[in-house]
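Note sheet for the following structure.
2 protein chains.
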Amino acid sequence: MIIKTSLQSAPAIILIEPRESGNIGATARAMMNFGMKDLRLVRPKDHWLETFTRQMASGANDILNDARVYKTTQDAVSDLHVIYATASKKRDMIKPLFTPRSAAEEMKNLIQKGARIGLLFGTEPSGLENEDVMRASGLISIPTSEDFDSLNLSQAVLLIAYEFFQMYLPSSFAEVSLSGKRSSFATQEEVEGFLKHLEEELDMANFWRVSEKKPDMLQNVRNIFNRICLTQQETQTLRGILKALVYHRWGIFSKKNKTS
Amino acid sequence: MIIKTSLQSAPAIILIEPRESGNIGATARAMMNFGMKDLRLVRPKDHWLETFTRQMASGANDILNDARVYKTTQDAVSDLHVIYATASKKRDMIKPLFTPRSAAEEMKNLIQKGARIGLLFGTEPSGLENEDVMRASGLISIPTSEDFDSLNLSQAVLLIAYEFFQMYLPSSFAEVSLSGKRSSFATQEEVEGFLKHLEEELDMANFWRVSEKKPDMLQNVRNIFNRICLTQQETQTLRGILKALVYHRWGIFSKKNKTS
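Listed in order, the protein sequences are those of chains V and F. With the numbering used here applied, the first sequence closes on residue 260, and no number is skipped along the way. With the numbering used here applied, the second sequence closes on residue 1260, and no number is skipped along the way.
Okay, here's the thing in structure tokens:
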């Protein structure tokens, strides 16, 4: 599903001392999947933009090319208004604690009021230093299984970017829709045509055995086919199947007649 | 945030012809993060369980060790009741189309009714063959930006596993909470003690200048501190700051007095 949603004011993703080039590349890819563009790196290793970074970005080159590098977190966030820190470990600091979903809602509200937002992600695997967490007005923590709470850096970015993107989807996307060409649904008349045809053939085949049981059995048969929301093509296919089965039956009779 | 949620009946993740060992490892990690355990591989390459697979699994070894390998998709799904296919490309098949979120809701409902569920993921980068999509009772498609809809295989698994896990979180997790020790919040009496102390010192410092303006200005000052939801420790810190500032002021006077 490709969504035409413009996220001009999407949060900046700020990676502090990212160690693995692959994670920087995978972060760029995750950002681009969900409409984020502003990647900032604080003290990445030298030559962070290597072949493996591009491989993991898998085509999200614009984000890597536009990424800005800073010496300090302060420099990286100086033009932003509101900062959130991502934290897997418990911090003994009194700050609002968001899930990715509640943070996404809060961020959307703030962006509507003109705020520029930055999301801080710490180094692998230890996470953010308290010095950086302190800058944040809130913490974002991703709920994970108790068995295994170690999320990869780029996967943490992915989940938060994904939740942010969800906030901008048309509400219709929350509903279950149907894939394929909707225009080709069969009309009730077409479905009824097939069901009548089927009933006639079953009459001729003495399918119902006892005539009193026919109404209930017919209702069950009709329910099966009505539940599928048939398309025109499928209805034609079913009529074809029915004809073929009947033809086959008569064909055997014909052969038998010939050989007898 | 670590969640003690038991997902005994979480869906099986079925990777069909996965090409990259790294993706199998990262899939195992994503599954374990969100309480899924049942990994099935259809026709993986020989020696798929190599060092790089373990590296990318980053400790999710149980899932790799328990992973089952099958020759056909039919074999891989034979014990399951309901199958969903993940699909980024449009399919001209009439099937219910879910987002990861609406699929998670549907899956939870089905699991409560005793269904065992399987999620099919296709080979990188082309995705599922129609032959496999046909087995599914529904499609799951992840909404992405129009600029860049290519999701990595393990990231697609991650997002769907994440949404499934969300369904089992206590509803309180949807709300914004406070990190840190909640028990250490300051009582209103303690906050009031600080604010009274501040007011007295500001009186003495002739801060309000014009006495008619004091009520409004005092209200502004009180609003600043009341908005923070102070802890006991923070309230003590503020009183310490206040005393120190006042002491400093009098200290200068004392020095002046001495030198004068």
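Don't be surprised by glycine CBs; every beta carbon is placed ideally from N, CA and C. Note that the structure is predicted; figures quoted are calculated from it, not measured.
The DSSP assignment places complete beta strand (DSSP E) segments of no fewer than 3 residues inside the segment 1057-1126 of chain F at 1068-1070, 1082-1086, 1096-1098, 1117-1121, in order along the chain. The beta-bridge partner set that DSSP reports for V:Val42 consists of V:Ile16, V:Tyr70.
In the three-state scheme derived from DSSP, where H, G and I count as helix and E and B as strand, F:Ser1150 is classed as coil. Look at the beta carbons and you see the segment 1045-1059 of chain F not touching the segment 1103-1123 of chain F: under three pairs across the two are nearer than 8 Å. Cβ neighbours of V:Leu80 within its own chain (closer than 6 Å, five residues either side excluded): Arg116, Gly118. The Cβ atoms of V:Phe194 and V:Thr237 do not sit closer than 7 Å to each other. Here F:Ile1241 is exposed: its Cβ has fewer than 16 other Cβ atoms, across all protein chains shown, within 10 Å. Between the alpha carbons of V:Ala60 and F:Tyr1070 lies a distance of about 34 Å. Here F:Ile1140 is bridged, per DSSP, to F:Thr1086, F:Phe1098.
Chain-order list of chain F residues neighbouring V:Ser21: empty, with the shortest C-beta distance near 14 Å, by a criterion of under 7 Å. Taking 8 Å as the upper bound on Cβ-Cβ separation, chain F lies near residues Ser58, Gly59, Ala60 of the segment 46-70 of chain V. Bounds of the alpha helix (DSSP H) holding F:Arg1029 are 1021-1033. Here the C-alpha atom of F:Glu1106 lies approximately 14 Å from the C-alpha atom of F:Ala1136. Residues of the segment 122-144 of chain V whose Cβ lies closer than 9 Å to any Cβ of chain F, in chain order: Pro125, Gly138, Leu139, Ser141, Ile142, Pro143, Thr144. Look at V:Thr231 here: in three-state DSSP terms it is strand. Of the residues V:Gly35, V:Ile83, V:Glu20, V:Arg54, the one whose Cα lies closest to the Cα of V:Ser9 is V:Gly35. Taking a beta-carbon distance threshold of 7 Å, F:Thr1231 counts as an interface residue toward chain V.
Chain F places no beta carbon closer than 7 Å to that of V:Tyr168, leaving this residue out of the contacts. In the DSSP assignment, V:Lys196 falls within the unbroken alpha helix (DSSP H) covering 188-204. Using a Cβ distance threshold of 7 Å, V:Leu39 and V:Phe121 do not count as a contacting pair.
Within 8 Å of the CB of F:Phe1034, the CB atoms of chain V belong to Thr144, Ser145, in sequence order along the chain. When the five nearest sequence neighbours on each side are left out, the beta carbons in the same chain lying within less than 7 Å of the beta carbon of V:Ala76 are those of Ile14, Arg40, Val42, Tyr70, in order along the chain. Non-local beta-carbon contacts of F:Lys1095 in its own chain, meaning distances under 6 Å to residues more than five positions away in sequence, involve Gly1138, Leu1139 in chain order. Under the 7 Å criterion on CB atoms, F:Leu1015 is classed as non-interfacial with respect to chain V. Chain-order list of chain V residues neighbouring F:Asn1152: Ala26, Arg29, Ser58, by C-beta distance under 8 Å.
Sequence-distant Cβ neighbours of F:Thr1123 in its own chain, meaning closer than 7 Å and more than five residues away, are Ile1016, Glu1017, Pro1018, Arg1019. Counting only the Cα atoms, F:Val1246 lies some 13 Å from F:Asn1206. Contacts with chain V at 7 Å (Cβ-Cβ) include F:Leu1159.
The shortest C-alpha to C-alpha distance from V:Ala67 to any of V:Ala186, V:Glu192, V:Met31 is the one to V:Met31. For F:Gln1008, no CB of chain V lies under 7 Å from its own CB, so it is not counted at the interface with that chain.
Counting only the Cα atoms, V:Ala26 lies some 10 Å from V:Leu64. The Cβ of F:Phe1194 sits no closer than 7 Å to any Cβ of chain V.
The CB of V:Phe148 comes closer than 8 Å to the CB of Arg1029, Met1032, Asn1033, Gly1059, Ala1060 in chain F, given here in chain order. Minimum Cα-Cα distance from V:Gln232 among the listed residues V:Leu97, V:Val221, V:Glu192, V:Thr53 corresponds to V:Glu192. Annotation for V:Met217: the continuous alpha helix (DSSP H) segment containing it runs 214-226.
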